[in-house]
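In this note's numbering, the protein residues as written are 251 to 660.
Glycine is no exception: its CB is placed at the ideal position from the N, C-alpha and C atoms.
One structure below.
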Amino acid sequence: MRTLYSNIKQILQTESDLEDKKIVKGAEMKSVSTLEDAWLLTEDGLILDFGQMKDLNTDHHADHYEDLTGRLLLPAWCDSHTHLVFAHSREQEFVDRILGMTYEEIARRGGGILNSAEKMKTMDEETLYQQSMVRLEEAKKTGTGALEIKSGYGLELEGELKMLRVIRRLKENSGIPVKASFLAAHTYPLAYRENHEAYIQEIIEKMLPRVVGEGLADYMDVFCERGFFSPDETDRLLEAGAKYGLKAKIHANQLYNSGGVQVGVKHHAVSVDHLETMDDEEVNCLLGSNTIPTLLPGAAFFLAMHYQPARKLIDAGLPVALASDYNPGSCPSSNMNFIISLACTQMKMTPEEALNACTINGAAAMELQDEMGSIKRGKRASFIITKPIPNLAYIPYAFGSNLIERMIDV
Ligand code: NIG
Ligand code: FE
């Protein structure tokens with residue numbers, strides 16, 4: 251089926267046939283190629299052609315016509331870091347933090363990730379799937395067109411498999427690209443608090459072979475952090491993942507300069523994510539690599555921590571991706587429009603930089619850059635149609651307003 255969208259106020263993030271934009275770095279992140287007063291033609295799920303209204307060939311036939319007067323059209327958000335599959339929300343911990351406890355204190359008393367793992371034990375796969383699909387549909391409504399989802403609330407074989415099977419069903423049935431990361435190394439279960447080695451062996455010898463055997467994961471993730479998994483432990487876990495063909499995508503430097511960036515780069519990680527604390531050494535380490543720094547300002551906002559140093563990274567010439575980190579503890583929202591507002595207001599990214607970070611760079615952080623992330627002939631017809639708004643900057647400016655009319659994925 252062919253659909254012709256006409257009178258589009260602006261198409262943002264266009265890419266010509268001659269370009270091959272895999273990722274946008276440093277100063278290049280400030281520009282977004284834009285077509286004014288435009289049309290776009292899709293056919294059977296792909297972008298067939300686009301151009302300016304003045305050049306529209308009147309005999310372009312389509313099965314379906316849509317007039318988008320006053321609206322912007324841009325690639326759907328690519329959210330490359332989420333924990334969307336979880337059993338229950340954790341608003342009591344949110345209240346405890348308001349009353350003075352820290353995220354780390356809550357984790358030490360057995361809350362946080364362990365709290366989610368307790369709740370995961372009693373939830374059956376079907377219920378987990380149904381409620382995760384509701385969350386995914388909500389993310390689509392705010393413009394998300396592809397996302398990565400992690401396990402990591404099972405913390406034992408059956409629980410991890412349950413989560414990953416749910417992610418597989420979301421891949422099959424959500425209609426959008428979904429990637430799965432295996433994150434058994436999210437925290438130590440209580441039973442292993444005094445015996446870290448045994449849990450690492452459990453992951454490497456028992457869980458990994460089953461997870462890979464069932465084809466359930468695209469990536470290997472580890473929460474590399476003081477009090478969680480050390481750089482040496484992360485190194486061993488990533489090494490084991492690599493033996494099974496899983497590339498790395500890890501949590502690093504959320505709370506401390508934990509050595510996670512260096513170990514991620516050593517393993518050619520697709521991305522290192524969080525990065526609230528970054529020194530020059532880590533910036534230099536990333537400069538010599540293809541690893542994508544992925545910033546999660548929603549977690550910094552919700553935990554009232556300092557924001558990631560986006561300017562330092564971009565000004566050093568690095569690419570930056572932005573993601574939601576959607577999870578019940580540190581960011582209970584999948585709304586990428588709010589993430590963009592935070593990036594602009596708190597991290598001083600320009601709206602154009604934020605757009606690049608949530609589209610082509612987010613796609614690259616899931617290795618989807620050949621099908622997603624820009625408006626290009628032959629790419630997936632996955633895009634956002636905004637409500638009538640003046641321009642791109644209006645999206646982060648009018649924070650909290652829902653400016654997404656539709657996310658199209660045909
Ligand atoms: O990315 N930092 C580790 N993992 C998640 C939070 C998980 C949770 O609190 O449930 C994050 O912020
Ligand atoms: Fe996370």
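- Remark: the C-beta of Gly514 is outside contact range of the ligand NIG, defined as less than 7 Å to any heavy atom.
- Of the other Cβ atoms in all chains shown, 16 or more fall within 10 Å of the Cβ of Ser574; this residue is therefore buried.
- DSSP places His333 outside both helix and strand once states are collapsed to three, so it counts as coil.
- In this structure, the ligand NIG has no non-hydrogen atom nearer than 7 Å to the beta-carbon of Gln380.
- Phe633 is the residue among Phe633, Pro638, Ala277 and Gly362 whose C-alpha sits nearest the C-alpha of Thr392.
- Put simply, of Lys493, Arg419 and Pro481 the residue whose alpha carbon is nearest the alpha carbon of Glu455 is Lys493.
- In this structure, Gln504 has its beta carbon less than 7 Å from a heavy atom of the ligand NIG.
- Residues Ile356 of the same chain have their beta carbon placed closer than 7 Å to that of Asp346, with the five preceding and five following residues left out of the count.
- Judged by DSSP secondary structure, Glu398 falls within the beta strand (DSSP E) whose first and last residues are Thr394 to Lys400.
- Contact between Ala549 and His524 is confirmed by a C-beta separation of about 7 Å, below the 8 Å threshold.
- Taking all protein chains in view, the Cβ of Gln558 is crowded by 16 or more other Cβ atoms within 10 Å, so the residue is classified as buried.
- Boundaries of the beta strand (DSSP E) around Arg252: Arg252 to Leu262.
- Nearest to Gly295 by C-alpha distance, out of Ala631, Leu653, Thr636 and Ile635, is Ala631.
- About 25 Å separates the beta carbons of Met597 and Lys429, which is beyond the 8 Å limit, so they are not a contact pair.
- Look at Tyr469 here: in three-state DSSP terms it is strand.
- Excluding five sequence positions before and after Ser330, the CB atoms of its chain that fall closer than 7 Å to its own CB belong to Glu398, Ser521, Thr544, Ala571, Ala573, Gly612, Ala615 and Met616, given in chain order.
- Separation of the CB atoms of Ile625 and Glu265 is rounded to 7 Å, and the pair is thereby assigned contact status at 8 Å.
- Within the segment 577-642, complete alpha helix (DSSP H) segments of at least 4 residues are found at 586-597, 601-608 and 610-614, given in chain order.
- Leu322 sits away from Tyr255, with the two beta carbons spaced by 8 Å or more.
- Met470 is positioned such that its CB atom lies closer than 8 Å to that of Gly491.
- Beta-bridge analysis with DSSP links Met657 to Ile634.
- For Asn534, the shortest separation between its Cβ and any heavy atom of the ligand FE does not lie below 7 Å.
- Taking a C-beta distance under 8 Å as the contact criterion, Ser431 and Glu475 do not qualify as a contact pair.
- The segment 375-388 and the segment 640-652 do not touch, with fewer than 3 CB-CB distances between them shorter than 8 Å.
- Runs of the alpha helix (DSSP H) lying entirely within the segment 269-355, each at least 4 residues long, are 341-348 in chain order.
- Rounded to whole angstroms, the Cβ separation of Leu505 and Glu354 is 7 Å, and the two are in contact under 8 Å.
- The DSSP-derived three-state label of Val416 is helix.
- In the structure shown, Thr377 adopts helical secondary structure according to DSSP, grouped into three states.
- By DSSP's assignment, Pro543 forms a beta bridge with Val522.
- Looking at the DSSP output, Lys499 sits in a beta bridge with Ser521.
- With a contact defined as Cβ atoms closer than 8 Å, Phe473 and His446 miss out at about 13 Å.
- Nearest Cα to Phe551 within the set His518, Asp530, Ile589 and Gly567: Ile589.
- Taking the Cβ of Ser366 as the reference point, at least one heavy atom of the ligand NIG falls within a distance shorter than 7 Å.
- Between Thr609 and Gly623 the beta-carbon gap is near 5 Å, inside 8 Å, which marks them as a contact.
- In chain order, Ala560 and Ala593 place their CB closer than 6 Å to the CB of Met599, counting only its own chain and leaving out the 5 sequence neighbours on each side.
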